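One structure below.
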Amino acid sequence: MTTETLMRAARFHEYGPPSVLVVETVERPEPKAGEVLIRVRFAGVNPIDWKLRAGSLKQYMPVTLPTIPGLDVAGTVEALGEGVRGFAVGDRVFGRGASTYAEFAVAPITTIAQIPDGVSFEQAAPLHVGGVTAWLGVIDSGHVEAGQRVLVQGGAGGVGSIAVQLGRWKGADVIATASTANVEFVRSLGAREVIDYTSVNVEDAVHDVDVVFDTVGGEVTAHSWGVLKPGGILVTCVGVPDAETAAARGVRAEATRRVTDTRPILEELVKLVASGDLTPAIQHVFSLDDAARAQAASETGHGRGRILLKVAD
Ligand SMILES: NC(=O)c1ccc[n+]([C@@H]2O[C@H](COP(=O)([O-])OP(=O)(O)OC[C@H]3O[C@@H](n4cnc5c(N)ncnc54)[C@H](OP(=O)(O)O)[C@@H]3O)[C@@H](O)[C@H]2O)c1
Numbered sequence: 138m139t140t141e142t143l144m145r146a147a148r149f150h151e152y153g154p155p156s157v158l159v160v161e162t163v164e165r166p167e168p169k170a171g172e173v174l175i176r177v178r179f180a181g182v183n184p185i186d187w188k189l190r191a192g193s194l195k196q197y198m199p200v201t202l203p204t205i206p207g208l209d210v211a212g213t214v215e216a217l218g219e220g221v222r223g224f225a226v227g228d229r230v231f232g233r234g235a236s237t238y239a240e241f242a243v244a245p246i247t248t249i250a251q252i253p254d255g256v257s258f259e260q261a262a263p264l265h266v267g268g269v270t271a272w273l274g275v276i277d278s279g280h281v282e283a284g285q286r287v288l289v290q291g292g293a294g295g296v297g298s299i300a301v302q303l304g305r306w307k308g309a310d311v312i313a314t315a316s317t318a319n320v321e322f323v324r325s326l327g328a329r330e331v332i333d334y335t336s337v338n339v340e341d342a343v344h345d346v347d348v349v350f351d352t353v354g355g356e357v358t359a360h361s362w363g364v365l366k367p368g369g370i371l372v373t374c375v376g377v378p379d380a381e382t383a384a385a386r387g388v389r390a391e392a393t394r395r396v397t398d399t400r401p402i403l404e405e406l407v408k409l410v411a412s413g414d415l416t417p418a419i420q421h422v423f424s425l426d427d428a429a430r431a432q433a434a435s436e437t438g439h440g441r442g443r444i445l446l447k448v449a450d
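Using the working numbering, the first residue of the sequence shown is number 138, and each one after it goes up by one.
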């Protein structure tokens with residue numbers, strides 16, 4: 138093994154608390170057919186990363202230990218796998234890779250896109266998990282249109298902060314929920330009304346909504362039905378909404394779809410960033426060495442936009 142085939146990465150050898158994440162020198166991955174190798178500049182820190190590390194999903198999403206976490210990535214193409222067309226070494230790209238808490242990560246070309254001039258690596262890094270999920274909720278399942286009333290549950294989060302902006306971009310009347318500290322922040326994203334969920338019951342305050350996009354789940358999903366108008370839709374990216382409740386209330390309900398070729402959505406999202414219609418919110422940027430602290434911050438479940446790891450300048 139030469140130093141050129143090695144890299145630094147944050148990984149865990151056992152399920153457990155954030156402290157099981159350690160930065161080590163490991164072998165660089167190789168891009169397979171249809172993949173590129175990316176020199177990582179920024180990696181996104183998402184709830185799924187720490188849920189997998191904590192082992193809470195191990196029954197249905199087991200990982201092979203040791204595991205390098207991370208899906209969101211922005212960086213430059215370092216090498217091309219067999220048969221790759223449309224990308225060249227040196228291209229600035231972003232999207233969904235595998236094990237992106239590392240100096241190098243591979244990604245299939247179906248889940249990455251080019252970063253246009255005027256958009257930074259930092260702005261592009263949070264666009265896959267947060268942006269694609271928000272797109273699937275607001276545009277794909279919600280079919281949000283100008284003039285409709287939309288409620289985003291969890292408007293401050295990595296998904297919700299993009300969903301609020303997509304609703305506003307579509308010309309909808311956007312209402313969102315947030316904790317006290319995030320009310321003004323969510324209003325600045327384009328929500329006309331922000332409900333402080335710590336003091337107000339949203340079902341008492343909001344009615345006649347066409348689309349609820351729920352990014353919180355659990356009790357929040359259960360307390361979202363009452364805001365919908367007849368024929369409205371509840372879309373959630375956390376769990377599967379109860380079809381019987383939806384039918385009994387005369388509304389529709391869907392979980393966000395799973396999409397394997399996300400490049401068309403990424404291209405739309407990054408165009409909106411370039412035009413100024415979408416500003417990805419970055420809560421905090423940690424170094425790769427601070428990956429455990431970054432996951433602990435994400436794990437609080439409260440924040441303002443996406444947490445990133447800056448892996449290289
Ligand atoms: N199905 C999928 O493909 C998919 C994709 C992405 C994410 N997800 C899931 O979606 C969820 C959100 O992801 P994320 O990346 O947006 O997480 P995140 O960045 O950690 O944000 C979570 C947000 O939820 C808000 N929140 C917490 N409790 C709330 C409540 N009772 N009412 C309203 N808002 C509340 C917090 O805002 P405050 O600080 O203001 O409380 C926080 O900003 C996670 O469970 C994640 O695993 C699923």
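We put the CB at the ideal spot given by N, CA and C, even for glycine. The model shown is predicted, which means the values in this text are computed figures rather than measured ones.
**Study point:** Euclidean distance between Cα positions of Lys-188 and Phe-149
**Key:** 13 Å
Check your understanding: What does Gln-290 pair with, by DSSP beta-bridge criteria?
Key -> Asp-351
Check your understanding: Rounded to the nearest angstrom, how far is the Cβ of Ala-309 from that of Ala-342, given a contact under 8 Å?
Key -> About 18 Å separates the two Cβ atoms, so there is no contact after all.
Point to revise | Residues near Gly-291 by beta carbon distance below 6 Å, same chain, minus five either side | key: Gly-297, Thr-352 and Val-353
Review point. Ligand 1 heavy atoms versus the CB of His-344: any closer than 7 Å?
Key: no
**Study point:** Expected contact under 8 Å - CB spacing of Ala-506 and Gly-255 to nearest Å
**Key:** Limits of the chain in this structure are 138 at one end and 450 at the other, which puts residue 506 out of reach.
Point to revise | Status (buried if at least 16 other CB within 10 Å, exposed otherwise) for Val-287 | key: buried
Point to revise | Beta-carbon separation (whole angstroms), Leu-208 vs His-280, contact threshold 8 Å | key: So it is not a contact: roughly 26 Å between Cβ atoms.
Practice item. Determine the DSSP secondary structure at Asp-398, reduced to helix, strand or coil. Key: coil
**Study point:** Where the alpha helix (DSSP H) through Lys-188 begins and ends
**Key:** 184 to 191
**Study point:** Every unbroken beta strand (DSSP E) inside the segment 326 to 370 [3 residues or more]
**Key:** 330 to 333 and 346 to 351
Practice item. Give the straight-line distance between the Cα atoms of Ser-424 and Gln-251, rounded to the nearest whole angstrom. Key: 24 Å
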